[in-house]
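Those protein sequences? They're chains A and B, same order as listed.
Here the first sequence is numbered in the UniProt record's numbering, starting from 1 and rising by one per residue.
Here the second sequence is numbered in the UniProt record's numbering, starting from 1 and rising by one per residue.
For every residue, glycine included, the Cβ atom is placed at its ideal position computed from N, Cα and C.
Let me begin by presenting the structure, written as structure tokens, before commenting on it.
Number of protein chains: 2
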Amino acid sequence: MALPNGPVTASSEAEAVLFDLVDVYDRAYEAAAAELSLSPAQACLLGRLDERRGMSALAEELGCDASNITQIVARLEALGLVTREPNPRDRRVRLVTRTPQGDEINHRFAAAFTFARTAVERLSPDEQNQLTALLRKALS
Amino acid sequence: MALPNGPVTASSEAEAVLFDLVDVYDRAYEAAAAELSLSPAQACLLGRLDERRGMSALAEELGCDASNITQIVARLEALGLVTREPNPRDRRVRLVTRTPQGDEINHRFAAAFTFARTAVERLSPDEQNQLTALLRKALS
DNA sequence: ATAGATACTTGAGTCCATCAAGCAATCGTT
DNA sequence: AACGATTGCTTGATGGACTCAAGTATCTAT
């Protein structure tokens, strides 16, 4: 389990609840990945492959170094969840695609990561809209 | 930068905003730590030392293995931010304490991690209460 | 006094992450 | 068409976080 990203001292109740949320969310994500023997990074990457993508596109999207993607994709490939095919239109690019097995695992991961969904579902539709509006404002 | 913990597909707008929040929060935490040349785990641990604690207390509080704490504390000690003193009442225990320098760094980290604070401050007091209530309900 | 629990460390192994260096393919310019 | 620069990716090295298994020292309970 990754250590939580807690504030040193919360300056308000809202801030404390925010921290709780982030912590529980991250742990739930990690736990869901672990159920399928994936690391969070692997689960994340697998989830971004609804369309095939080049490695640098993934690196940019995920905000990390390309060589990091190389490693993670290599492990996913070794697990049979992903393939790397050359792009005929630009032979520098290697297109990453989920295998059928990768689709299956990705689907099961989506089912296992219930946290965000069930949290939202504890709220009425009205409350969901309020929450969305408040968070959007807080994030702006 | 750690890869984000995004849901495979968001089932609602609220869920998508939740994910955004977590992602931005985590990145801000990491960036604040990086400003002080700390890893997120180091910043987190340093923040838990307002009172001195034994290693296993820290491990339990943070939800990880004791040997992980040993390592992180060793690095913080090498940086001069923390000391390990034997507990005279139980010589198995090694009490971890922030040094004055550790206090200073911890204080600067708290100042650097503005994300949660400023996000909350974009809301009126009323809205802050609403948000707190909604998140509490969602987390229950 | 001894057996068992507790606190911590060490060592080995995996993964994530970053940086520097390198190769191959493409692009832009002339 | 050819050259240099850029782009896409990989490799190798390094470091931190994390886990597990094994080990030592101390404490507790009987």
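With a threshold of 16 other beta carbon atoms within 10 Å, ARG53 (chain A) meets it and is buried.
The count of Cβ pairs closer than 8 Å, one atom from the segment 67 to 77 of chain A and one from the segment 7 to 25 of chain A, stays below three, leaving the stretches out of contact. In terms of Cα proximity to GLN42 (chain A), the closest of A:ILE105, A:ARG27, A:ALA111 and A:LYS137 is A:ILE105. With a minimum length of 4 residues, the unbroken runs of alpha helix (DSSP H) contained wholly in the UniProt domain "HTH marR-type" (11 to 140) of chain A fall at 13 to 35, 40 to 47, 55 to 62, 66 to 78, 100 to 112, 115 to 121 and 125 to 139. Judged by beta-carbon spacing, PRO7 (chain B) lies beyond the 8 Å limit of PHE19 (chain A), meaning their Cβ atoms are not closer than that value. Comparing alpha carbon positions, the residue from B:THR99, B:ARG84 and B:VAL120 closest to ARG92 (chain B) is B:ARG84.
At a Cβ-Cβ threshold of 8 Å, LEU139 (chain B) and LEU21 (chain A) count as neighbours.
At a cut-off of 8 Å between beta-carbon atoms, MET55 (chain A) makes no contact with chain B.
Excluding sequence positions up to five before and after GLN128 (chain B), its CB lies within less than 8 Å of the CB of VAL120, all in the same chain and listed in chain order.
Taking C-alpha positions only, VAL82 (chain A) is separated from SER124 (chain A) by approximately 39 Å. With its beta carbon less than 8 Å from one in chain A, ALA110 (chain B) belongs to the interface. Within chain B, the C-beta atoms nearer than 7 Å to that of SER140 (chain A) come from ARG122, in chain order. Not a single CB atom of chain B sits nearer than 8 Å to the CB of ASN87 (chain A). At a beta-carbon threshold of 9 Å, the residues of chain B lying near LEU21 (chain A) are LEU18, LEU21, VAL22, TYR25, LEU135, ALA138 and LEU139, ordered along the chain. Ranking A:PHE109, A:LEU3, A:ALA116 and A:PHE115 by CA distance to the CA of GLY47 (chain B) puts A:LEU3 first. What GLU127 (chain B) touches in chain A, judged by beta-carbon distance under 7 Å, is LEU134, going in chain order. Those residues of the segment 1 to 12 of chain A placed with their C-beta closer than 8 Å to a C-beta in chain B are MET1, ALA2, LEU3, PRO4, ASN5, GLY6, PRO7, VAL8, THR9, ALA10, SER11 and SER12, ordered along the chain. Within chain B, the C-beta atoms nearer than 7 Å to that of ALA116 (chain A) come from PRO7, GLU15, LEU18 and PHE19, in chain order. For LEU95 (chain A), the CB contacts under 8 Å within the same chain, skipping 5 residues up- and downstream, are ARG52, ARG53, GLY54, ARG84, GLU85, PRO86 and ASN87 in chain order.
Put simply, the CB of GLN101 (chain A) is far from chain B, with every gap to its CB atoms at 8 Å or more. Sequence-distant partners of LEU131 (chain A) (beyond 5 residues in either direction) whose C-beta falls short of 7 Å from its own C-beta, in its chain, are LEU123. Residue nearest to THR97 (chain B) within the set B:LEU58, B:GLY63 and B:ALA133 is B:LEU58 (criterion: CA-CA distance).
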